[in-house]
Every structure is written in C-alpha cells, then in structure tokens.
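A quick write-up on the structure given underneath.
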C-alpha cells in the first residue's frame, strides 16, 4: 500500500501575517498592531508551507486560507473577553453546555488528519469584505 502523506502543522504565539489581524478600528487596544506580528516568522511559515498554521496573540477566532496556507487561531482570551465577546473568539460552534468555548481539535487521525474548516467571525468577515 502507498504511504499516506502526513499533514504538516506548525505553531506560533505571534502572528505570521498582518492580514490575520483585525483592522485597528476593531481592536480594544489599537497599539496591538505594533506588537503582534513578526516578518521573520512570516517568512519561515511561507518557506515551510504547512497544511495548517496555528497562531495566537490577537484574541480573535480565525480559520481561513491565505496564499495556500490554512491559518487557525482559537484564542483562550481573558475571562473578561470570554464573557463579553465569545462569538468573536469562537472557531466553529464548539461551545460547551455551559456556554464556554470548548478546546479546538486541529488534527484528528480518525478523519484522516485535518478537520474541515470551521466558521470564525473574523476570517468570515474578511472573506466577505476583503
């Protein structure tokens, strides 16, 4: 039998692309734009060409493709953020019965690797309004 290709999943806390950060007018802390990204990280991710890159730092849910790479952020956020804006943090409809966000699975061997893309408020916003 032919060997199956393994999915490449990479991770970073920082944002590898500025396109993954919501517009400044949507940010509670506008100077965030000055501290979240990393051009060297962006070059590293671009060279690696992972099937999925999981990133953090902005506290906004994201599941979308940019230049052929799927980017996902399922922010844990702060307790106040979770209380005030759970839908902007969510990726998919993964909520527990008590309304809290559930952990996000980014690789599942039972389905053959990467789960299907999920709805996320910010990546959907930019797919509708590029």
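In this note's numbering, the protein residues as written are 21 to 150.
All residues carry an ideal CB built from backbone N, CA and C; glycine is no exception.
N- and C-terminal bounds of the beta strand (DSSP E) containing residue i
i, result
"residue 30", "29-31"
Option nearest residue i by Cα separation, candidates the options
i, options, result
"residue 141", "87, 126, 58 and 42", "42"
"residue 77", "94, 86, 87 and 84", "94"
"residue 97", "138, 127 and 106", "106"
"residue 120", "130, 128 and 101", "101"
"residue 29", "138, 48 and 126", "126"
"residue 38", "123, 91 and 108", "91"
"residue 40", "47, 82 and 66", "82"
"residue 46", "34, 108 and 139", "108"
"residue 104", "89, 144 and 48", "48"
"residue 79", "67, 89 and 35", "35"
Residue span of the alpha helix (DSSP H) that contains residue i, given as start and end
i, result
"residue 49", "No alpha helix (DSSP H) contains residue 49, which DSSP labels as neither H nor E."
"residue 136", "Residue 136 -> no alpha helix (DSSP H), and no H or E assigned at all."
"residue 144", "141-148"
DSSP bridge partner residues for residue i (one or two, in chain order)
i, result
"residue 35", "57"
| field | Sufficient close CB pairs (3 or more, under 8 angstroms) joining the region 61-80 to the region 125-139 | value | yes
| request: Could you name each continuous alpha helix (DSSP H) segment of 4 residues or more that falls completely within the region 52-132, going from the start of the chain to the end? | output: 59-68, 99-104 and 106-109
| request: Kindly confirm or deny that the region 101-116 and the region 52-64 touch, where touching means at least three C-beta pairs closer than 8 angstroms. | output: In short, these stretches do not touch, since the Cβ pair count stays below three.
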